[in-house]
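Asker: Chains as they are written, first to last, in the working numbering: chain A, 245 to 722; chain B, 245 to 722; chain C, 245 to 722; chain D, 245 to 722.
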C-alpha cells in the first residue's frame, strides 16, 4: 500500500494557445500561469513554437521566481505556446520533471504538457525499455511522448498517433501537445481532470481552468469532452471523438479545493458549487449560533452558503497574512508552534463572546484545525461549531491529488465524535457523500469520489507501482 | 505646492522587543515584520542588541526577499531588537534610507526606527549642518538620531535626551530607540501614528499595530499615549509624560486603509470600524440591489457592514490572484490594459443579472475603479452602485501617507456625479466627513482628516521643503 | 560549407572516479572540474552513483557558479561519480545539452560524459527516430546513450554493448559511462582526444588530462589506448581491445592550446612540447632582438623555448588582469576598443627601446594581435617580431575544436607577409607543419593536423550535417 | 599588542576622474576598479557626480559581483566619478564600511575614497562625539568626512578645509574627495601610499596605481607629492603644497607585493624593482642549480631577476589554476590538505631531477611554502633552494597592510635555519634590509620598512586603539 503512495502524484495546470491575433503567446502563457499557479507551485515552464522551432524554459519554483523579464524575452515569439505548472511529491521535484517537456522525433520538434496520472505507466515504460527506449525523467509526460512518437511512425498524422496512443494509455490525463503546426488538446475518456477551450477573435486557448482563459482576455467556448481530441491549426478547430461516449467522472475535489472559485467546470461555477456545499451543511448540520465564518480563503465560499441557508450572519473572524506565501523559512520547534499564528490571526473583536460556525473545505491530519480552534477560543469565542465542506478523507487518490498517507488521515483513526473532541470544537459536521455529488446540479457529469468513498471509476490495482531501478541495487544490472 | 509633495513620504511599520523570556529577538522581529509588511514594502531591516553591541541588516525588498535563513543567523542573538519596514517614494527608496538605522555616538551604539514625518526637518538639518553635521541619508530617522545625540551631551540619560529633543522636533513620529541597555518607545504629542505595547510574561514588545503583538504570541497591554516616552529596561517599564496632555489626533486613514483589520487602535477594532463605515454608507446612500460585495481585500469589511445594515445579501463577486504580489513584471501597453484582469477576475455566475453594490475603501485617480466596473458589467452585472468607505481625497498628506499629487486626484477635477459617470457606475456614494470621525465611537480620540478636509492638526506651512542640495548646481558650493 | 560549421563543436573535459578508499567522489569530481575548467566553460555537471541510484546536477556556467556548498551536499555520496565541463557554440549552450547526461533504460540508471564529435550523428539519429526514438537534446552524448542502450538489449553486459555500439559510431570520442556497478572509459579507435587513467591506492580515476588526476591526489597510471574500453568495477580494472590496433592520431591542437601545461599526453609533457615549439621557431625564424616574451598565458612556454634556443633573454612585457575572467560585461563600441587594454597591459619599463620577439600560440582573425602590437609600440618597443607556435589556421575542425569560420581566418585571406603588415610587426614567423608533428618526439603517436593542413584522419564528407528539424518549417511535418 | 592588531587594516585602491572629453566616468571607474582589484577584494563602489547630485553604489564583493550592467546604468553619468576597492579584516567587512562614502553637509553633497590608516582616529572620533557627532561606520573615511566638514564651516573653500583638516589628521592617507564642482586628491606628508595623476586630452584621473591610469587609456602625468593637495576643476589642475616638504616614505611592501608589476611608483617600475630584488638575492645567496622558477604569480619577476643575475636558466615549474579565484568553498580537513594542490600543480617534467631555485615574494606562517616544496619534491626535484624577495616579517603594520599577528609569523619563532628545515628546503635566503631599500635606485624616496625592521616613520604609540563601544557593556552607558 505504502509503495503505491510513493508514486508521483501530480496536480498540475496546463495552458496552450494558438494565436492568430497577435495576442502574444509568451505574455499570454505567462499570465495564464499566474492564473493557474494554485494548481502547482513546485515547478513551471513555457514552450514557444516559432514555425516548428521550439524554445522552452522550465525550472523549479513559482512563476514569479522562474520567469523574469530576460527569460521571457529570450523565449522569442511564435504562433503557439504551452504553459505548465506542477505540484509533485518531494521526490519528483526535479528540474527534469518540469513541463512542458520539449523533444524531437522523426517528424520534428514537439512539446507536451499534462495533468494526470497514467495507471499502467510502469508496464508501458518496461515495454518501451525492452525495445531500447531511454528515459530522462520519471514523468508521465515523457512516457506519453514516447507512446505518441511510436504511434506516429505508422499514423498519417499527429492526431491519429495520439488517438492510437490513447488505446494503450490507461489512466487520467488532460493533455496538451504542440507539434510543428498544430495545438492539440486531449482529455481521458472519463474526463477526470478539467480542460476547457477559450476563444478570442480567431485565436484559441486551452486551459485547465476557465480562470486562465479569462486571464488572457479570451472567452470560454466549451469544455473538451471526455475522450475528445481537439485539433487547432491554420484551418481552425476540429475534433476526433473516437474515444468519447462516457460521461465525465470529474474529480469532485476540483470543486472542493483544487479549482479557483472564479472557474466554471462542466458548466458549474466553482464558487456557486462551494456555496451549495455550505447550504447542504446548513441543512444537515444546523446549529444555533451568532456568526458563520470561513477558514480563509478556501472555506469562505461554503461559509457564505451556510450563512445564507441558515440565516446566521456571515462575518470575518480570521485574517490571513498575504505576505507569508511560500517564503516562511524559520524551522525551529518554537516557530512551528507559532506557524498558524503567523499565517492566520483571529479578529478578537469580531469573535469575542460569539457562538461561531467555522467552515473549512476539508480536514487531513487535524492539527491545523486544532490550532485555529484554540486561537478562536483564546480570542473569546464562546462556542465553535466546525463544518467541513467535504466528506472525511479515508482513501488514497491514484489520479493526481496528493492526499496524505492513509494512516495519517485523522478520519481513518477516529470517529467523527473523537475528531471533534481532538480539535476542540463543540460540534463537528462533514458534508455527506450523497450531498457532494449534487453540488453541480446543472452539470450532466458524474464524479470521482475515490478519496472519500474508496470507489474509483478506474481499475487501480496496478496504480502507482514504481520501477525497481528507483531503488538501490537490484539483481541483474551492470 | 508640487515642491512640497516631492518630500519623502514614509508609511512604516515599527517593532521593538525587550526579551526576558527567551522568546528569541531575531525570530520575533522577523515574524513581526511579516505582520507589519502591509505598512511598508520597499525596504526592511532588523537590528539586534547583544549587551551593547548592535548587529543589523537592512535592504530594499520585501521581508521574504531581504531575510533568508543565513542572514537571520548572522544577526546573532541578544536581549533586544528593532524591526522596521518602509514604504517610500521612488526617490527615497535607497538602501541608506532603510531602517532600523544603527549608529554610534558618545555613549555607545544605538539604533532608531521611526514611522512619521518631521515637519521642520529641513530647518533642523540646516542648523545641524551649520554646526558641522554630515548626513548619509535623507531619512528623518537620521535627523532624529542627530537631535537625540546632541541632547544626550547635556542630559543625564537617554530618555531625558529624547524628552529634550522632542521640544525641538515638530511633526509626526512613532519612534523606537534602542540604546545599549534600554528599549524606548515615543509617540508625538498628537499621536498621529499608532504605537502599542504588548507583554509576554516578563518581556515587552512595542509595535505599530497590535497584529504584530499577536504575531509573537504576546498580548496587548495598552497604547503608548500621545506624547509619552515609554522606557523598558531591566527594571521593567516606566514612562515620561512631560509631552502628554493632548488627545490623540490619529490619522483616520489608518482605519480606512493602512492598518490590518485584526489590529485594534485606540481601543477600536479596525475590522469593526470598517464595518461601521459600511453601515454609515448604507444609511446615507441606500439603494435597491441584489448583492453587496467588496473590492478585495480592502473593501470587504465595509461591504459586510453595508450588507448587514441594508439587509441586502453579502457575497463575493471578484477574485484576487494571490500569487501576483509585487512580482508582476511585464510592462507593455497591452499588458497594462490587462493588469486589472490578472489581479482581479469577476466570478461571472455570482454577478450575472444582478444589481450590485460594490464597496471600496477609497478612489484616487479612478482608473482602477473604471476597469473593475467594466469587468463586472462584462460578466453580466445589471447595475453597479459604488460605495466608497471614505470621503473624496482632495488634499495632500504631510504626515507620511503617500497620496497622489492633488492635480491627479479625480475628486479635485470632477463632481461626484461626473466621477460616477466616468467610472461607469449607476450611482456613487462617498462616506461623509461627519461619519468618518465616528467610526471609533468607543475611542476617546480625535482624528486627522487632512487629506479629506484640508484641515490639519499641525501647522504645515513649512512641511515638505527639500534641500537645495538635492537639486543640481545651486549657488555657493564647491 | 557554412552549413557544416553550424554543427555543434564541443570541446570538453571529462572525469570519472571509482572510489574504494573514501576519497569522496563528489569532492573529487568538484576538484577535477576546476582542473579541467580550461577545456569547457559554458556548462558543467556532476553525477553520483549510490549503489545504482544516480543523482546529478548540471547547468550553464563555470564550476564556481554552478556548484555551491548546498548543491554539492545535495548530491549525496556514493562509490562512483562523473564530472564534465563543456564548451559549445552559442546555439548549443542550453541546459539540456550539459553533461554528464543521466538516464534510465532497461537495465537501470546510467550516466554518460563525452568529449568528441560523432561524424555520422545525423544518420544515426534519423535511423533511431525512424524506430520511434525521441531526443531531448542535440548532444552527441544522448545519441551515444541511445546507441549503447539498443545494443544492451542483445548484449550480455554493458561493456559488450559499448563494444558493439562502437562498430556503428564513426568519429571522435573520449567517453565515460557510469552504469549501476561499473565505471567505463572508452577512446575512439584513432584516439583523437586524450583520456588518461589514474590510481590512488585501490581507487581509479579517468580524466581528459593528467592535471585532473593530480588534482585529486592520484597518480598517473597510463593513457587509455586508442579503441580501448576500460572497465572498472569491484574486481578492479580490465579492458576490451577489440577496437584497438591503430596508432593515436591525437589532435595536435591539444599541445598548442587546449591542454594545461602541467598535463602529460601520450607520454609528452605539454609544457615541454610548447617549449619545443619555441625552439623550432628560433631555429626556423631567427632574429636579432633584446627580449623574448609571450602573450600571456598561452604564449609563455613557447617564448621560454625560443629564448633558450636563441640565447635572447626571456622576460615579461605584458601583464594579464586575472580578475577579468569571463565577467567583463560592458559592450559599447568604445569599450570594445578598450577590451585588450583591460585584459592586458604593457610593462612599459620592460619593453621601452627594446627589440622584442613576441610569441603567441596561434592567430585566428588577427585583431587581438594587432592591438597587442600597437600597445607594445606605444609603450616604446623599438621592434616587434612575432612568432606563432603553430602553423596558420586554414581549415575547419570537425572533431570538436571550435575554430572560426574559414572566411574569417586571416590566413585564408592574406599571405604571411600581408598578415605581418596588417598586425603591424617587423617580422612574422609561423611554426611549420613539419615541425609541429615533432613536438612530442618520445611519443609513438601520430597527429591530426586537419585545421592546419586540411588532411583529416577520418572521412569528413558527412560531418556536421544538421537536422532539417532545427530549421523553421520544412515539408511533411505536422 | 593584540588589541592594537584588532584595528581595521585597510589596503585599498582609489580612483577618481574629472572628464572633459566624454570618456564616460562610470565606464572609466569600472575599468579602473578591475585594474585595482588586486588592492582590495572585499568590497567596492563607484560614486558619480552629476552637477552636484551624487549617485553611488557600493557593496561587499568583487567588482565583477557588485557591478552588473543594470547597476552601472542606474548610476547615470556625470563629469566626475570616484571608485574604490577595499580589503579589510573580517570584522570590518560590512557594507557600511564600503567606499566611496557619499554624504551631505552644509555645502552640498560629497564623496570620499581613501587608502590609509589614521593613527589618531580614536582620539578624533571621541572629540567629535563629545560635540554630538554620530558615526554610521567604523571607517576612517567617515572620520575624515567629519573632519573636513567641520573645517569647511570656517574655510573659504573645500580645498582650504582639507588643508586645515590635514593639520589634525595624523597618519597615512591617499585620499580622494569629490565635491559638487571639484575633484581633489591628497597624499599624507610622508606619502606612505602611492597616488598618481593621469591625463587624457583635457581630462584628469587620479589613481593608486598607474596601471589604473593605463586601463582608461590615459597617460601618466606625475605622482601626487607627499603632503600635496591636487585640485581639479573647470580651470584645470592646481595644487596646494602647504604640507609638502618631506621625502616620500613609501611602504616598501608596495614593491614587494601590493602593487601590480605594470605600475610605476615614485618613478620606479614595480616589475623592474622585483627583478632587482632577484638580482640582490642572486648576489647574496648564490647556489649551484639547474633551474630558477617563481611561485606564481608574485614570485615570477624576482625569479627572472635571479636567473638573469646568476646565469641559471629561468623556467616554469608550477602552474596556477586561474579558475579557483575566490570561489573555492569546500572546507573539510581533507580538502584543506588538498588546497595547495588545487591552486598550484607541479609540472613534473620541468622539475624532475633538477636542482631548483624557488623564488617567492615573502613568507608569513610558512605552511604554504612547506606544501609547495613537498609538491616539487614529489614531482622529482632533486634540490630545492628557496629565495625570498623580502626580509623576514617580524613586526606589525599600522599603516594599512594586513600582516598576520606577530606570534603567528614564522620568523618570530624560528631562526632562518629552523625555518628552512621546517619548510623542507635545502637552503633558504631572504633579501636583506639593506638591499630592499635599494630596489628603486632612481627614485628620490625613502621607504617605510616597519614590518621588517620595527622602525616606523610615524609615532605608532596610539595606533590601532579601538573604542570601548565596540565591546559588550562597559560603564556609564544607557
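Every residue, glycine too, gets a C-beta built ideally from N, C-alpha and C.
Could you tell me whether the Cβ of residue 343 of chain C comes closer than 8 Å to any Cβ of chain A?
Answerer: Closer than 8 Å: no.
Asker: In chain A, what lies closer than 8 Å to residue 374 of chain C by C-beta?
Answerer: Near residue 374 of chain C (Cβ distances below 8 Å), the residues of chain A are 350, 397.
Asker: With a Cβ-Cβ cutoff of 8 Å, do residue 397 of chain A and residue 435 of chain A count as a contact?
Answerer: Contact flag unset, no.
Asker: When we look at the beta-carbon of residue 463 of chain C and count the other beta-carbons within 10 Å, is it buried (16 or more) or exposed?
Answerer: Classification of residue 463 of chain C: exposed, given that the 10 Å Cβ count is below 16.
Asker: When you compare only the Cα positions, how much space is there between residue 204 of chain C and residue 627 of chain C?
Answerer: This structure gives no information on residue 204 of chain C, because the portion of chain C shown stretches from 245 to 722.
Asker: Can you pull the DSSP bridge partners for residue 495 of chain D?
Answerer: Beta-bridge pairing links residue 495 of chain D to D:692.
Asker: Cβ atoms of residue 625 of chain B and residue 600 of chain B: under 8 Å apart, would you say?
Answerer: Yes, Cβ-Cβ distance for residue 600 of chain B and residue 625 of chain B is below 8 Å.
Asker: Contact defined as beta carbons within less than 8 Å: I believe residue 390 of chain A pairs with residue 377 of chain A. What is the distance between those atoms, to the nearest angstrom?
Answerer: The pair is a contact, with the Cβ atoms about 6 Å apart (cut-off 8 Å).
Asker: Which residues in chain B have a C-beta closer than 8 Å to the C-beta of residue 508 of chain A? List them in chain order.
Answerer: Correct list: 592, 593.
Asker: Buried or exposed for residue 527 of chain D, going by 16 or more other Cβ atoms inside 10 Å?
Answerer: With fewer than 16 other Cβ atoms within 10 Å, it is exposed.
Asker: Run down chain B in chain order and give the residues with a C-beta less than 7 Å from the C-beta of residue 282 of chain D.
Answerer: Those do not exist, as residue 282 of chain D stays about 27 Å from chain B at its closest Cβ, beyond 7 Å.
Asker: By the 9 Å beta-carbon criterion, what residues does the segment 427-453 of chain C contribute toward chain A?
Answerer: Those would be none; no residue qualifies.
Asker: Take residue 679 of chain A as the anchor and find which of A:517, A:588, A:652, A:716 has the nearest alpha-carbon.
Answerer: Checking every option, the nearest Cα to that of residue 679 of chain A belongs to A:517.
Asker: Please report the straight-line C-alpha distance between residue 608 of chain C and residue 654 of chain C, rounded to a whole angstrom.
Answerer: The alpha-carbon atoms of residue 608 of chain C and residue 654 of chain C are separated by roughly 6 Å.
Asker: Just mark residue 478 of chain A as buried or exposed, buried being the case when its beta carbon has 16 or more other beta carbons within 10 Å.
Answerer: It counts as exposed.
Asker: Given this structure, state the Cα-to-Cα distance separating residue 584 of chain C from residue 612 of chain C, to the nearest angstrom.
Answerer: Near 7 Å, if we compare the C-alpha coordinates of residue 612 of chain C and residue 584 of chain C.
Asker: List the whole-angstrom C-beta distance separating residue 589 of chain A from residue 467 of chain B, where the pair is believed to meet the contact cut-off of C-beta under 8 Å.
Answerer: Actually they do not touch by this definition, with Cβ atoms about 18 Å apart.
Asker: Cβ of residue 315 of chain D less than 8 Å from any chain B Cβ?
Answerer: Answer no: the Cβ-Cβ gap between residue 315 of chain D and chain B never drops below 8 Å.
Asker: Run the CB neighbour count on residue 593 of chain A, radius 10 Å, all protein chains shown included, and call it buried at 16 or more, exposed below.
Answerer: Residue 593 of chain A should be labelled buried.
Asker: Is it the case that the Cβ atoms of residue 471 of chain B and residue 485 of chain B are separated by a distance below 8 Å?
Answerer: In this structure, residue 485 of chain B lies closer than 8 Å to residue 471 of chain B by Cβ.
Asker: Contact defined as beta carbons within less than 8 Å: I believe residue 549 of chain B pairs with residue 639 of chain B. What is the distance between those atoms, to the nearest angstrom?
Answerer: Contact flag wrong, Cβ pair sits at about 26 Å.
Asker: Any idea if residue 570 of chain D is buried or exposed, counting beta-carbon neighbours within 10 angstroms, 16 or more meaning buried?
Answerer: Annotation note: pLDDT 49 at residue 570 of chain D (below 50); position unreliable, coordinate value reported separately. Flag for residue 570 of chain D reads exposed.
Asker: Using a Cβ cut-off of 8 Å, pull out every chain C residue sitting near residue 623 of chain A, in sequence order please.
Answerer: In chain order: nothing, as chain C lies at least about 41 Å away.
Asker: Please list the terminal residues of the continuous beta strand (DSSP E) segment that includes residue 255 of chain A.
Answerer: Per DSSP, residue 255 of chain A belongs to the beta strand (DSSP E) from 255-262.
Asker: Since I believe residue 354 of chain C is in contact with residue 423 of chain C (beta carbons under 8 Å), could you give me their beta-carbon distance rounded to a whole number of angstroms?
Answerer: Indeed, because the Cβ distance is near 5 Å, the residues count as touching under 8 Å.
Asker: Show which residues of chain B have a CB atom less than 8 Å away from the CB atom of residue 385 of chain D.
Answerer: Correct list: empty, because the minimum Cβ distance to chain B is about 11 Å.
Asker: Is it buried or exposed for residue 702 of chain C, if we count other Cβ within 10 angstroms and need 16 for buried?
Answerer: It is buried - the Cβ of residue 702 of chain C has at least 16 other Cβ atoms within 10 Å.
Asker: Report the CB separation of residue 505 of chain B from residue 562 of chain A in whole angstroms; it is logged as a contact under 8 Å.
Answerer: Between residue 562 of chain A and residue 505 of chain B the Cβ distance is about 10 Å, and since that is not below 8 Å, they are no contact.
Asker: Can you grab the Cα-Cα spacing for the pair residue 249 of chain A / residue 491 of chain A, in whole Å?
Answerer: No answer about residue 249 of chain A holds up, because its pLDDT of 33 lies below 50 and its placement is not dependable.
Asker: Which value, in whole angstroms, describes the spacing of the CA atoms of residue 370 of chain A and residue 400 of chain C?
Answerer: Cα to Cα, the separation comes out at about 18 Å.
Asker: Hey, out of A:546, A:382, A:331, A:295, whose CA is closest to residue 644 of chain A's CA?
Answerer: Checking every option, the nearest Cα to that of residue 644 of chain A belongs to A:331.
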